[in-house]
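Read through the structure below, which is laid out as structure tokens, and then see the notes.
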Amino acid sequence: MSKWPSTKAKRVYQALLRIGWRPKPQKKGSSHVQLERLGFPEFTWAFHDSEEIGPVMLAKIAKRTGLTPDDL
1284 MSKWPSTKAK
1294 RVYQALLRIG
1304 WRPKPQKKGS
1314 SHVQLERLGF
1324 PEFTWAFHDS
1334 EEIGPVMLAK
1344 IAKRTGLTPD
1354 DL
């Protein structure tokens, strides 16, 4: 069983902001958000708030961002 639960994209995005990720300025109307954090490569957030993100995708996001299950 995975240590990652399925959860809403809004909750994951808020967790990323809490651990130090910040959105970069962008053009209006874009559905993608570029996030930046010192010591990490840029990360593109392309999920809508109400989307459900499964354990496999959460593990991939965590690998690139430093997110942990406790951050959710």
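For the sequence shown, the residue numbers in my numbering are 1284 to 1355. Where is the CB? At the ideal position from N, CA and C, for every residue including glycine.
Would you kindly work out how many angstroms separate the C-alpha atoms of Y1296 and L1321, rounded to a whole number?
Linking Y1296 to L1321 through their CA atoms gives a straight-line distance of about 17 Å.
Tell me the DSSP bridge mates of R1305?
Here R1305 is bridged, per DSSP, to E1319.
Extent of the continuous beta strand (DSSP E) to which T1327 belongs
Run containing T1327: 1326 to 1328, per the beta strand (DSSP E) assignment.
Residues that K1343 bridges to, as DSSP identifies them:
In DSSP, K1343 forms no bridge with anything.
Use the C-beta contact count for G1337: other C-beta atoms within 10 angstroms, 16 or more gives buried, fewer gives exposed.
The residue in question, G1337, is exposed, as its Cβ has fewer than 16 Cβ neighbours within 10 Å.
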